[in-house]
Amino acid sequence: MSKEITFILAPICPKCVRIKRWLKDLEETNPEIKISRYNIATQFKEIKKFKIKTIPTLIIGDIMLGGWIKEEEFRVALEKL
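Next up, the structure:
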């Protein structure tokens, strides 16, 4: 089974900056994880299928995290991936 993360962000979102750093570190240490990024400002049609409620949103496997995501929540979701 492939390991995938979907990251939905907005260009002016301060919360997204933190998550971008986490994902950059993750990509460097885990190249087998595929990370898809969607910008709500330019890819709204593609994003509709995810039925998100907030920005940022991370979808890690079957877990959806949104809003002010704590690093611990992120790590726990990664363990289940």
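Per our numbering, the very first residue in the sequence shown carries number 1; after that it's consecutive.
Think of the CB as a built atom: it goes at the ideal place given N, C-alpha and C, for glycine as much as any other residue.
For Lys45, the enclosing alpha helix (DSSP H) has its first and last residue at Phe44 to Ile47. Relative to Trp68, the option among Arg75, Ile33 and Cys16 whose CA is nearest is Cys16. Counting every other CB atom within 10 Å of its CB across the protein chains shown gives Phe50 a total below 16, marking it as exposed.
Listed in chain order, the non-local C-beta contacts of Ala10 below 8 angstroms within the same chain comprise Cys16, Asn39, Ile40, Ala41, Ile55 and Pro56, local neighbours out to five positions each way being set aside. In the assembly as shown, Phe74 is a buried residue. Its beta-carbon has 16 or more other beta-carbons within 10 Å.
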